[in-house]
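Chains as they are written, first to last, in the numbering used here: chain L, 3 to 381; chain A, 3 to 381.
Number of protein chains: 2
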Amino acid sequence: MKEFIFYNPTQIVFGENQTKNIGRYLRNKKCLFLYGGTSIKQNGIYNKVMDSLKKNNVAFVEKSGVKPNPVLSFVYEAIELAKKENIDCIIAAGGGSVIDSAKTIAAGFYYDGDVWDFFIDKAQIKQALPIYVVLTLAATASEMNSGAVITNEKTKQKFNIRGDALFPKISILDPTNTYTVPKNHVANGSVDAIVHLLEGYFTKKYLSTPIQDGFVETLVKTIISSTKQILKEPENYDARANFMWSATLALNGLTTAGIGAYAFPNHMMGHSISALFDIAHGSTLSIVFPAWLKYNKDNLSQRLQRFGKEVFGIDNPDKAIEGLESFFASIGAPTKLKDVGLAQTDIEAIAQNAVSLAQKWGLNEYTKEKIASILKFAL
Amino acid sequence: MKEFIFYNPTQIVFGENQTKNIGRYLRNKKCLFLYGGTSIKQNGIYNKVMDSLKKNNVAFVEKSGVKPNPVLSFVYEAIELAKKENIDCIIAAGGGSVIDSAKTIAAGFYYDGDVWDFFIDKAQIKQALPIYVVLTLAATASEMNSGAVITNEKTKQKFNIRGDALFPKISILDPTNTYTVPKNHVANGSVDAIVHLLEGYFTKKYLSTPIQDGFVETLVKTIISSTKQILKEPENYDARANFMWSATLALNGLTTAGIGAYAFPNHMMGHSISALFDIAHGSTLSIVFPAWLKYNKDNLSQRLQRFGKEVFGIDNPDKAIEGLESFFASIGAPTKLKDVGLAQTDIEAIAQNAVSLAQKWGLNEYTKEKIASILKFAL
């Protein structure tokens, strides 16, 4: 095993009927109540949170309108509101977009400069408001990690931040809150969580990691089987619960602790597609990841062999890639650029955009040419 | 999945050469430096800690003499010393015995009554001194959990406490610090960690837990293979590292989160054997656990089938038990009462002692008669 630091102080409160307890953690506080649009009003989560806040005498200011691929301009507005209202915590009711926005607002609240400075490594996050999550979409694991991704619409950059101050204090994971998540979002979340697990699994060089490999394989298998169940039976509690906890564990630091150097090249390319064409994160990954595996097939043949055997019960690297791509297609996730309306002529722009993220992430071997070659496997 | 709360704020600093950094976390503090006996002086860990404390101007008071199966009388002495010296943190350099003693001292420091009150549920732990661990023995996972077990020599009770305040703040896990751990301690640690994992796995009633089952099986397999490697090659870094991290993850809350009700009947019986005869914890478990499995074989046949298949590649409940018992025997762990000098005539006293712990832990179905029947399988 390689050296590592593991630290994750987020408290997870998991189970049915936990949403109504959110107010108990927030007595005598004044919170920014952050969410997306109408969905939490339609599915009853909004009312549950409101009732709990009122019952526990929690003061709050509402701010709605977080979009998928959350944007910097919204974050600026919310920071201004948070400062004006002098809040002392944030309630993030939503999925990764809402939580990532909350983290950025939480850090921006204590910073006098431009919050984008944190994203371009001009400043370091030292302090942030405490964040309380009511998770409504299982996918990103932002509910139990210290990272956030925001898109700067002006510069067309989808960049990330990290900082120990950004771990949510408490995250309520109630699987019933995801019963109404539509099929395309389930598919996106499933792909996102699987690729979170497999970026480390396939990019690390160090292989004496039986714990981490076993954990990744267990989680990928669980995500695949629970996704299938959910699509058939959206209100299957166990399937929603297993999917939710798997997605959280997929990027909370556990499966990468001790594996040594690894990279996120597929997230890099996916972020560029999202930044340029506003395509859902999961959809970019189901296109890019099989292409990346095909491009790297020869180098990864041993890992693919093991992966295929453990996850799909097949003993052949090509079939392992095929197994994953077929799974993505079977749940309705796009696997080719054309599935989201992109073509060979778009590859140049994506590769150009991805290079700047490659440099930020230290992935210097990912030149424009290499990225373009990978993306050609997605035609 | 069943509802759960997962919270584990301990920071793990894992890797070679980390011991020398302990002082960095403790600048301007006054610590109680707690350890067992001469082993940390012989293997150089004592000097590494001392050098780091001096280099970082950390004030400290030494207290040595923690024994395996740590005792209450020692804890009383240490609390008195800690109060007199007005310390503000504890350095625990050792294994579970030292860490558990540190936790009890840490809680006792802020309590005016008898610290044993916490063990007999007469008082609740509200505050504790921060604990910094340098782990020297992989086994109990006390380095990343909030529990502690202490033996009251007068009452012959080996009882436990829990409390969020008891999570160590930072635990340094340097696999090279375990290179000199002798074979019998390796075997005890291996058995302890495996039984930590399997108590939950075999006592839970709820079976839709693919994540937790997969994690347990991964960890048990890793512990078995790394134990074998360590016994052949004590300075195999990867084996020591995989063993160490597996043992930590075996009882840090991860594998039991979401599995619903479960119990620790084998620890209950093992604690009684230790309390009465001062036999090492791991040795009591390698005797009791196969006996318990045999007693419960019919109820557990499906679980045993799965366990046998996943861990030993065999498809038969009897052979699964045999596989585990043979593994214990192969690493030199006792598997029968006679292996530690006990006989049928001792069963009565063990069962009598275990009943009081059964009541404390709510295991009311464990009557004296039932416990005696289980132990007869260990003759």
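Built from N, CA and C at the ideal position, the CB exists for glycine as well. All figures in this text were calculated on a predicted structure; none of them were measured in a lab.
Under 7 Å between C-beta atoms of residue i and residue j
i, j, result
"Gly110/L", "Ile81/L", "yes"
"Ala189/A", "Ile333/A", "yes"
"Asp102/A", "Ser144/A", "yes"
"Ser248/L", "Leu287/L", "no"
"Ile89/A", "Val136/A", "no"
"Ala243/L", "Met3/A", "yes"
"Thr12/L", "Phe169/L", "yes"
"Glu327/L", "Pro292/L", "yes"
"Val197/L", "Asn268/L", "yes"
"Gly284/L", "Lys206/L", "no"
"Ala108/L", "Ala125/L", "no"
"Asn71/L", "Met146/L", "no"
Presumed contact (8 Å Cβ cut-off) between residue i and residue j, rounded CB distance
i, j, result
"Tyr134/A", "Lys171/A", "6 Å"
"Lys128/A", "Ala167/A", "7 Å"
"Ile323/A", "Leu295/A", "5 Å"
"Ile24/A", "Ser54/A", "5 Å"
"Lys158/A", "Val151/A", "Rounded, the Cβ-Cβ distance is 14 Å, inconsistent with contact."
"Gly310/A", "Asn301/A", "Wrong, their Cβ atoms sit about 16 Å apart, outside the cutoff."
"Ile373/L", "Ile14/A", "Incorrect: roughly 36 Å between the Cβ atoms, too far for contact."
"Leu339/A", "Ile289/A", "6 Å"
"Gly202/A", "Tyr264/A", "4 Å"
"Phe2/A", "Glu87/L", "Examination of residue 2/A is not possible in this model, given that chain A is present from 3 through 381 alone."
Counterpart residues of residue i in DSSP-defined beta bridges
i, result
"Ile93/A", "Phe35/A and Tyr134/A"
"His159/L", "The identity of residue 159/L in the sequence shown is Gln, whereas the question assumes His. For Gln159/L, which the question treats as bridged, DSSP gives the partners Asn154/L."
"Leu302/L", "In the DSSP output, where bridge partners are listed per residue, Leu302/L has none listed."
"Ser66/L", "Tyr37/L"
"Val73/L", "Thr153/L"
"Leu339/L", "Note: Leu339/L sits in no beta bridge, so no partner."
"Leu199/A", "In DSSP, Leu199/A forms no bridge with anything."
"Leu175/L", "Phe16/L"
"Phe169/L", "According to DSSP, Phe169/L bridges with nothing at all."
"Arg164/L", "Gly149/L"
Of the listed residues the options, nearest to residue i (C-alpha basis)
i, options, result
"Asn162/L", "Ile174/L, Ser148/L and Ser173/L", "Ser148/L"
"Lys69/A", "Tyr37/A, Ala263/A and Glu219/A", "Tyr37/A"
"Asn186/L", "Ala282/L, Lys378/L and Phe217/L", "Ala282/L"
"Gly97/A", "Asp348/A, Tyr297/A and Thr250/A", "Thr250/A"
"Ala95/L", "Thr258/L, Thr40/L and Leu83/L", "Thr40/L"
"Ala335/A", "Leu381/A, Phe16/A and Ser192/A", "Ser192/A"
"Lys370/L", "Phe379/L, Ala380/L, Gln354/L and Lys362/L", "Gln354/L"
"Cys33/L", "Lys65/L, Val15/L and Leu381/L", "Lys65/L"
"Thr153/A", "Asn318/A, Val60/A, Asp280/A and Asn30/A", "Asp280/A"
"Glu235/A", "Leu339/A, Glu5/A, Tyr181/A and Ala195/A", "Tyr181/A"
"Ala380/A", "Ile275/A, Thr142/A and Arg308/A", "Ile275/A"
"Phe35/A", "Asn10/A, Tyr9/A and Leu83/A", "Leu83/A"
"Arg26/L", "Asn366/L, Asn58/L, Asp348/L and Gly343/L", "Asn58/L"
"Leu199/A", "Lys56/A, Gly260/A and Asp215/A", "Asp215/A"
"Thr106/A", "Glu87/A, Arg164/A and Gly67/A", "Arg164/A"
"Thr229/L", "Thr257/L, Ala195/L, Leu256/L and Arg305/L", "Ala195/L"
"Trp118/L", "Ile352/L, Val77/L and Asn19/L", "Val77/L"
"Thr258/L", "Ala277/L, Leu278/L, Tyr239/L and Thr211/L", "Thr211/L"
Straight-line gap, residue i to residue j (C-alpha atoms, nearest Å)
i, j, result
"Gly325/L", "Val73/A", "56 Å"
"Ser75/L", "Ile232/L", "35 Å"
"Tyr368/L", "Phe266/L", "11 Å"
"Glu155/L", "Asp116/L", "15 Å"
"Lys50/L", "Lys22/L", "6 Å"
"Asn179/L", "Ala252/A", "30 Å"
"Ile226/L", "Phe329/L", "8 Å"
"Val218/L", "Ser303/L", "18 Å"
"Lys31/A", "Phe120/L", "32 Å"
"Ser99/L", "Glu79/A", "54 Å"
"Val60/L", "Leu28/L", "6 Å"
"Lys223/A", "Ala241/L", "26 Å"
"Thr347/A", "Lys378/A", "11 Å"
"Phe204/L", "Met271/L", "16 Å"
"Ala331/L", "Met52/L", "39 Å"
"Lys321/A", "Ala345/A", "26 Å"
"Pro184/A", "Ala356/L", "53 Å"
"His273/A", "Gly343/A", "17 Å"
"Ser375/A", "Ile122/A", "27 Å"
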